[in-house]
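Read in order, the letters of the sequence shown correspond to residues -23 to -1, 1 to 338 in mature numbering (1 follows the signal peptide of the UniProt record, and there is no 0).
Worksheet: the structure to be examined is printed underneath.
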Amino acid sequence: MGTSKYLLFLCLILIFMVSTTVSQTDIITHSCSNTGNYTTNSVYKQNLDNLLSSIASNTEIDYGFYNFSAGQDPDRVNAIALCLADLTVDECRRCIQNSTRRILEDCPNQKEAIGWYTVCMVRYSNRSIFRVGNDRVLGPVFVSGQTASDIDGYTRSLRTLLQRLRNEASSGDSRHKYAVGEVEATNLDNIFGFVQCTPDLSSVDCNNCLMKAAENVRNGSMGTRIFSTSCFLRYETNDIFYNTESLPPTAGGGGATPPPMSSPPLPPTPGNKTRTVIIVVVSIVSVIILVVAIFIILRLRKRKNRKSTDKFEGVVIGDATDEISSVETIQFDFETIKIATNDFSSENKLGQGGFGAVYKK
């Protein structure tokens, strides 16, 4: 019984560890506009469903940015989807696929909405949103609980890094507007940064969006993620959180112009860190399954042995009982006994007992 309780307690602890690990990687923020609503059977709803479906199923775009439209005014829907630049094509498509479903759950009847789902963004509206800069920061802003020991020195280093990344991202092409880099801060700490704009923005609009995002950085904070309508900013200390192997070429890499707007792909695995998380989660789940399987096997084996023992004991006891019963039921008539003892002759008498004389045959 004690072993059962221990195994149950261990399983609960492992399950808690899995749920905690997963929740730490699942950063979600969304905004549902109050500019208007649509009804379930409306033309706008049909256009929105068709548009998001076409984005999620698109397998032609491989650079992580989608801008498409569906329908005619006043029921026209415009949509944008953006993946962080360090995702592989498959990771991006999975994220967009999940996010196009999730945005409809988070904003079930709004004509305009945006959702950042850890490593990708989906946005749609009944007004034009293409090549239009929007620097509105979505809440919440995710900030590290750690504070630099030298706040002034750390802040100077961070500003230098973010300005350099902002300039580099703004000079990107129509496929990619992003930049990654690092700078040495005080106490030999390195600050790693990642910024990205939707590539349809102009250089000026991208620069302005990232500047606005940087205004939300808390002095001395050693890690921040800021989700904006048209851009993204993140930095961490001593933690390379982006996947350098999956990063596409930056400006000058010869990207082509995105196809015309018409009809765009798809969770999350943010680079190396998420791959590590997946490995940890799978390992923990495997351990849970193994522990439970061993427990069940031991329990079944114990029950089988117990049943075998009971069956064996039942056979022995039953045979002994039958033997005793058969002895007790042996009876002879008087004439047979008289002949066998030679008419109760003293020569055949063996002795005297509590139940009378005993004779030999």
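Here a beta-carbon is modelled for each residue, glycine too, at the ideal position from N, C-alpha and C.
Quick caveat, the model's predicted, so the values are computed rather than measured.
Complete runs of the beta strand (DSSP E) confined to the region 9 to 95 [at least 3 residues]: 42 to 47, 54 to 60, 90 to 94
CB-CB length for A33 against Q74, believed under 8 Å: 4 Å
Three-way DSSP call (helix, strand, coil) for Q130 in this model: Gln is not the amino acid found at residue 130; the sequence shown has Gly there. In the structure shown, G130 sits in a helix (DSSP, three-state: H, G or I).
Beta-carbon proximity of residue 369 to I57, cut-off 9 Å: Outside the shown range of the chain, which is -23 to 338, sits residue 369, and nothing can be said about it.
Alpha-carbon to alpha-carbon, V335 and T313: 15 Å
One or two residues paired with residue 345 in a DSSP bridge: In the structure displayed, the chain extends from -23 to 338; residue 345 sits before or after that span and is not available.
Reduced DSSP category for R202 - H, G, I as helix; E, B as strand; rest coil: DSSP, read as helix, strand or coil, puts R202 in strand.
Range covered by the beta strand (DSSP E) that runs through L187: From DSSP, L187 is part of no beta strand (DSSP E) but of the alpha helix (DSSP H) over 180 to 191.
Residue interval of the beta strand (DSSP E) (run including L210): 208 to 214
Straight-line gap, M98 to C60 (C-alpha atoms, nearest Å): Cα-Cα distance, rounded: 6 Å.
In DSSP terms, what V109 is bridged to: Answer is none; V109 lacks a bridge partner.
Beta-carbon gap between L139 and A191 smaller than 9 Å: yes
Proximity of S205 and K189 at Cβ, strictly below 9 Å: yes
Exposure label - A47; buried when at least 16 CB within 10 Å: Note on A47: 16 or more other CB atoms within 10 angstroms of its CB, so buried under the neighbour-count rule.
Candidates N185, D39, F45, Y43, of which the one nearest T65 by Cα: When only C-alpha atoms are compared, the closest one is D39.
Extent of the continuous beta strand (DSSP E) to which R104 belongs: Here R104 belongs to no beta strand (DSSP E), and DSSP marks it neither H nor E.
Proximity of S121 and M199 at Cβ, strictly below 9 Å: yes
Inter-residue spacing [alpha-carbon to alpha-carbon] between E161 and C174: 25 Å
Residue(s) in a DSSP beta bridge with H7: G92
T124 (DSSP reduced to helix, strand or coil): strand
Given A125 as reference, the closest of I266, T214, R280 once Cα atoms are compared: Selected option, being the one with the closest Cα: T214.
Distance, Y219 Cα to N167 Cα: 14 Å
CB contact flag (T132, N196, <9 Å): yes
G158 versus F169 - alpha carbon distance: 6 Å
Whole-angstrom distance between V109 and Y15, CA atom to CA atom: Y15 and V109: Cα-Cα distance of roughly 24 Å.
Buried or exposed (CB count within 10 angstroms, at least 16 for buried), V181: exposed
As assigned by DSSP and simplified to three states, the class of T318: Coil at T318, not helix or strand.
Which of helix, strand or coil DSSP assigns to V335: Strand at V335.
Backbone secondary structure at V264 - three-state DSSP: V264: helix per DSSP, three-state reduction.
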